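Comments concern the structure below.
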């Protein structure tokens with residue numbers, strides 16, 4: 001189980017005070033998967049770092065596997081496996097097996113037990129055939145699998161996955177998601193991601209963050225029901241206030257994928273089709289900010305003729 005209670009984190013950078021996380025509270029039940037979703041700078045990674053005791057919250061607390069991150073840091077660290085996109089997780093010249101044996105030995109395992117466990121987790125993530133290959137020769141997908149293997153060495157009840165498929169090609173990302181789904185059946189998982197497909201597949205509960213605050217949370221169906229139907233429409237003029245919904249542009253028209261509840265904001269439009277919402281539709285409605293998007297400037301300059309998504 002993971003539970004945050006009004007957790008906040010403030011950083012001081014060059015005389016400026018930045019509140020990266022602002023009174024965030026949510027709960028992920030035991031043996032379920034949750035996801036933190038939001039744009040860059042929303043506070044997702046900061047939350048993961050606090051939950052893994054890498055940084056200390058400025059205020060508030062969190063409970064991970066029954067232990068407080070502010071009072072029982074050692075117990076928390078013993079309860080979690082952490083996967084990040086850092087390239088410094090392993091020694092480049094050591095093989096996959098040597099790396100894992102080294103990290104297993106840091107968990108007070110004997111050399112024989114460390115070798116046994118290292119081979120077990122390599123088998124779990126599908127890297128047994130590459131156990132004697134130096135890490136420097138691993139592809140990005142293999143590196144990410146090895147990071148997951150390292151996180152599984154102690155068979156922790158909680159997994160924290162910070163953008164686990166970032167930079168992976170579609171096939172490698174799909175294989176990694178399948179792997180997480182398989183090993184996560186008896187674990188509590190919290191992941192961060194920008195990829196809505198990934199969230200759809202892996203997460204049972206979704207927490208949407210914007211500027212350090214929780215703006216919505218719930219399961220997939222609840223969030224979709226909140227949004228309601230989405231309508232694809234065609235307009236002749238760029239809808240400045242609704243630019244975040246533009247999915248296709250041409251020389252003389254724009255196509256929007258817009259929630260039905262926002263149609264009143266348009267004056268003249270032609271309906272193309274009506275559909276059930278996706279999680280991406282929910283994200284754009286709740287979090288999308290066209291003024292922060294490069295898309296607006298591209299469209300204004302007429303530099304794009306095609307379809308997004």
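In full-length UniProt numbering, the protein residues as written are 1 to 309.
Even for Gly, the Cβ is constructed at its ideal location relative to N, Cα and C.
If you're wondering where the values come from, they're calculated on a predicted model, not measured in any experiment.
First through last residue of the beta strand (DSSP E) which encompasses residue i
i, result
"residue 230", "230 to 235"
"residue 254", "254 to 259"
"residue 5", "2 to 13"
"residue 248", "246 to 249"
Three-state secondary structure (DSSP) of residue i
i, result
"residue 183", "helix"
"residue 155", "coil"
"residue 134", "strand"
"residue 93", "coil"
"residue 299", "Annotation note: pLDDT 42 at residue 299 (below 50); position unreliable, no value reported."
"residue 223", "helix"
"residue 292", "In this predicted model, residue 292 has a pLDDT of only 42, less than 50, meaning its place in the structure is not dependable; the value taken from the coordinates is given anyway. Helix."
"residue 263", "helix"
"residue 170", "helix"
"residue 88", "coil"
"residue 41", "coil"
Start and end residues, alpha helix (DSSP H) containing residue i
i, result
"residue 151", "140 to 151"
"residue 197", "196 to 202"
"residue 45", "44 to 51"
"residue 119", "111 to 125"
"residue 285", "279 to 286"
"residue 240", "Run containing residue 240: none; DSSP gives neither H nor E here."
"residue 100", "96 to 105"
Proximity below 8 Å, CB of residue i to CB of residue j
i, j, result
"residue 18", "residue 11", "yes"
"residue 159", "residue 126", "no"
"residue 21", "residue 47", "yes"
"residue 89", "residue 174", "no"
"residue 114", "residue 146", "no"
"residue 79", "residue 157", "yes"
"residue 312", "residue 32", "One cannot answer for residue 312 here, as it falls past the ends of the chain, which runs 1 to 309."
"residue 255", "residue 234", "yes"
"residue 214", "residue 207", "yes"
"residue 231", "residue 180", "no"
"residue 100", "residue 141", "no"
Beta-bridge partners of residue i, as assigned by DSSP
i, result
"residue 34", "190, 205"
"residue 216", "208"
"residue 270", "234"
"residue 22", "Partner(s): none; residue 22 has no beta bridge."
"residue 16", "13"
"residue 165", "In the DSSP output, where bridge partners are listed per residue, residue 165 has none listed."
"residue 160", "82, 190"
"residue 28", "2"
"residue 275", "230"
Closer than 7 Å: residue i CB and nearest the ligand FMN heavy atom
i, result
"residue 176", "The ligand FMN is not part of this structure, which contains no ligands at all."
Short CB-CB distance (under 8 Å) between residue i and chain B
i, result
"residue 33", "Structure shown: chain B not included; a single protein chain is present."
Residue ranges of each beta strand (DSSP E) run of no fewer than 3 residues wholly in the region 56 to 83, ordered along the chain? Complete beta strand (DSSP E) runs here, min 3: 59 to 64, 80 to 83.
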